[in-house]
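For reference, the structure discussed in these notes is given below.
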Amino acid sequence: MSSTQESILTVDRVACAGHGLCYGAAPDLIDCDDQGDPIVPDHALGSDEVGPANEAVSLCPERALALQPITTAPEDQS
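Under this note's numbering, the residues of the sequence shown are numbered 1188 to 1265, in order.
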């Protein structure tokens, strides 16, 4: 059995300057709080979320967003 590679979207709140490009690029994935800071999902991204997440990461002028790989153990097939 092999493990699967998934990603989670993270935000560096210190680096974030609140430009809003990320939630403009991926409004179904990234929201903003009342101060304009991004709210990112706290789950592994689905295959339909990876494209918009990559776009948001690439648009961030402060490089505050990142896709971090996470490894999940394979499910027990017994």
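No residue lacks a Cβ here, since even glycine has one placed at the ideal position from N, Cα and C. Note that the structure is predicted; figures quoted are calculated from it, not measured.
In this structure, how does DSSP classify E1249 when only helix, strand and coil are distinguished? Along the sequence shown, read from residue 1 onward, the residue named residue 1249 stands at position 62. E1249: coil per DSSP, three-state reduction.
From H1206 to E1249, what distance separates their C-alpha atoms? Translated into the one-based positions of the sequence shown, residue 1206 becomes position 19. Translated into the one-based positions of the sequence shown, residue 1249 becomes position 62. Cα-Cα distance, rounded: 9 Å.
Taking the CB atoms as reference points, tell me whether L1208 and P1228 lie closer together than 9 Å. Taking the first residue of the sequence shown as 1, we reach residue 1208 at position 21. Taking the first residue of the sequence shown as 1, we reach residue 1228 at position 41. No, the Cβ-Cβ distance between L1208 and P1228 is not below 9 Å.
Can you name the residues that DSSP bridges to E1193? Within the sequence shown, residue 1193 is the residue found at index 6, counting from 1. According to DSSP, E1193 bridges with I1257.
Please return the same chain residues whose Cβ sits closer than 7 Å to the Cβ of D1224, not counting the five positions on each side in sequence. As a working mapping, residue 1224 is identified with position 37 in the sequence shown. Cβ within range, chain order: R1200, C1203 and G1205.
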